[in-house]
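Engineer: Numbering (our numbering), first residue to last: 731 to 1107. We put the CB at the ideal spot given by N, CA and C, even for glycine. This is the structure I want to talk about, given as C-alpha cells.
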Amino acid sequence: METASCSLLNSPRFSSPTIKYINPNKFYHENPPRKNTNFCLVPSFPITFSRNYASPRKFLDVHGFTAFSSTSAHDNHNPSQELAVLLEIDGVLVDAYRLGNRQAFNTAFQKLGLDCANWTPPIYSDLLRKSAGDEERMLILYFNRIGWPTSLPTSEKETFVKSVLREKKNAMDEILVSESLTLRPGVEDFIDDACNEEIPVIVLTSYSKSGDKIARSMVEKLGYERTSKVKIVGNEEVEQSLYGQLVLGKRVPSGMDEQLAKEVIKAASAQKLKIAEEVASMLKLSVDIDTSSHESLEKIVAALHAGAEYAGKPIRNCILIAGSQSGVAGAHQVGMPYIVLRSSLTSRAEFPEANAVMDGFGGADLTISKLLQRQWS
C-alpha cells in the first residue's frame, strides 16, 4: 500500500510556509513545478453525517483548543473518521483571471480614453514576469515604456494608476458575473461525488478577490440542485459562526459557558498575535509584501474556522482545496490540510508542505475517490 508522511495533519504548524504574503493583485503565468500527488487524508470507510447547514455546529478549534457548542447525540462521533471539503472560489470553482485579466485591463484603457494602450498576450506576459504579478507595478512599467499621458502631471501618476486599477476591477467584475464565464472542468462532478459520499462541501466566498457578493453569483453557476446541497460561507456566515462571535465580535453567545468563551478568546488572540508577528517579520525581509496581509490573513483564518464549524468537523478533518496563495497561508496558519489546484493565481509558486499539488479535477488529478483511498499516517 502506498504510504506518505502526513505530519501536517497531526499537529498545527506555527512557522510560515515557504511562500510569500503577497499583494492580492498578483497573477502568475509560468510553467508550474512537478505535481506533488503524494497526499494522505482519511481511511476508505463510509462517511455519514447529518446534512444540515442551517447553523454552525459543534467544533471551534483554535490551535488545539476545541470548544463544543452543542450536546447533540451526533457529538458522540469520532471526528477523526469524518471528512469535510472546503472549496475556494478563485482558481478552484473558476479560473477567470487566466484569460479575463488582460481583457479587463484593455477594457479599462478604453473607458479612460487611453487609445494608445493595448496589452497583447506577449506584452501582458512580459509585464507579468517583470513585475512578479504586481498589477500596480505592471502599469508603471508599461507607461514608463510607452510614455505617460501628456496631460498628466508627474505628481498625479499614483492617482492615475489607481484610477486604471479601479476601472479594471469594474471590468473584471463584469466578466465574473457574465454568462460566458465557465466553471473549472470537473468541479461539478467533484461536488456531486462528495455529496453522494455524504461528505459536506463548504464553498468559501468571504475572502474571494472579487468580493462576497460577486463570488456568490459565481457559485450559482453550479445550478440550484447542486447549490442546495452545499453550504456557502460568506461574510455574514463568518460573523454568525461561533468563532466569529467570540473572536471577531468579542461577545459570548447565549447558552455558552462564560469561562469557556474566555479561554477560546484567549487562544484565538494568541493566534492573531502570531499572525501579526509573522507578517511583521516578513515585512522586514521584503518590500514586495502587501501591508494589508495581516488583516487579509485574519479574514481567511476566520473563514476557515467558520467553514469547519458549519461542516461540523474539527479543523484537522477538513481539507481545503486552494487556488490562491492567500488560502494556502490561512490553511497553514490554522493547521488545516490543503490541496493546491494549479491556477493563474498559483502557477508560479511551490508548495512543498501541501498534501498535494494538482492540475485540476477528475481523471489523473483530484477526485473524491482519491481523497477517500488515502490514509492517515
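1) Mind checking G1093: buried by the 16 CB within 10 Å criterion, or exposed?
2) In this structure, does DSSP put Y1030 in helix, strand or coil?
3) Could you have a look at E955 and say whether DSSP puts it in helix, strand or coil?
4) Spatial neighbours of V933 within its chain, please: CB distance less than 6 Å, with the 5 preceding and 5 following residues excluded, ordered by chain position.
5) Here's a check: name, in chain order, each residue in its chain whose Cβ is nearer than 6 Å to the Cβ of V1064, leaving out the five neighbours to either side.
6) Is A1052 helix, strand or coil when you go by DSSP?
7) List the endpoints of the continuous beta strand (DSSP E) containing K961.
8) Could you pull out every residue in the same chain whose Cβ sits closer than 7 Å to the Cβ of S861, ignoring the five residues on either side in sequence?
9) Leaving out five residues on either side along the sequence, give the residues of the same chain with a beta carbon under 7 Å from the beta carbon of G830.
10) S938: which of E1039, S910, G1057 and I1098 sits nearest, CA to CA?
11) If you draw a straight line from the C-alpha of D845 to the C-alpha of A838, how long is it?
12) Does S881 pass the burial test, meaning 16 or more other C-beta atoms within 10 Å, or should it be called exposed?
13) Under the rule that 16 or more other beta-carbon atoms within 10 Å means buried, what is Y954, buried or exposed?
14) Where does F1081 sit, in a helix, a strand or coil, going by DSSP?
15) With three or more beta-carbon pairs closer than 8 Å as the criterion, would you say the region 812-826 touches the region 925-932?
Structural biologist: On the basis of the coordinates in this document:
1) exposed
2) Per the sequence presented here, residue 1030 reads as Ile, with Tyr not at that position. Helix, per DSSP.
3) helix
4) L817, V949, V960 and I962
5) V1031, L1034 and I1045
6) strand
7) K961 to V963
8) R867, M868 and L871
9) M902 and I905
10) G1057
11) 11 Å
12) exposed
13) exposed
14) coil
15) yes
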